[in-house]
Amino acid sequence: MAHKQWKVSKIRYCEHVGHEIALESQVVYPPEYLPDQPPRILARRCSNAMECNAMDRMTCAWCGTNPDVRPS
Numbered sequence: 003m004a005h006k007q008w009k010v011s012k013i014r015y016c017e018h019v020g021h022e023i024a025l026e027s028q029v030v031y032p033p034e035y036l037p038d039q040p041p042r043i044l045a046r047r048c049s050n051a052m053e054c055n056a057m058d059r060m061t062c063a064w065c066g067t068n069p070d071v072r073p074s
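According to our numbering, the sequence shown is numbered sequentially starting from 3.
What follows is the structure in structure tokens.
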């Protein structure tokens, strides 16, 4: 059976909150009987998204509020 897991893809300094955050990806791994299938990324998120979405201004695409700003 396939399983999902959140993995940290990058750790970056965020200018909006003033400290380091983790950029995470939800990865789906194939079941054991399909070993030649590559893992797939379903979603991406920021470890600080809840706090950023509570701010009065738009933050970035990782939080889902501003698709124009993509931190690298």
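Quick reminder that beta carbons are idealized off the backbone N, C-alpha and C, glycines included. None of these values were measured; they are calculated from a predicted model.
Inter-residue spacing [alpha-carbon to alpha-carbon] between residue i and residue j
{"i": "Q39", "j": "D58", "result": "43 Å"}
{"i": "E53", "j": "L36", "result": "39 Å"}
{"i": "T61", "j": "C48", "result": "11 Å"}
{"i": "I13", "j": "A51", "result": "14 Å"}
{"i": "V30", "j": "H18", "result": "30 Å"}
{"i": "C65", "j": "M3", "result": "30 Å"}
Boundaries (first-last residue) of the beta strand (DSSP E) holding residue i
{"i": "A51", "result": "Not the beta strand (DSSP E): A51 falls in the alpha helix (DSSP H), residues A51 to N55."}
{"i": "L36", "result": "Premise fails: L36 is in no beta strand (DSSP E) and is neither H nor E."}
Residue(s) in a DSSP beta bridge with residue i
{"i": "V19", "result": "Bridge partners of V19: none, in fact."}
{"i": "L44", "result": "In the DSSP output, where bridge partners are listed per residue, L44 has none listed."}
Cβ separation of residue i and residue j, assumed to be a contact under 8 Å, to the nearest whole Å
{"i": "K9", "j": "E26", "result": "7 Å"}
Exposure of residue i, with buried meaning 16 or more beta-carbon neighbours within 10 Å
{"i": "I43", "result": "exposed"}
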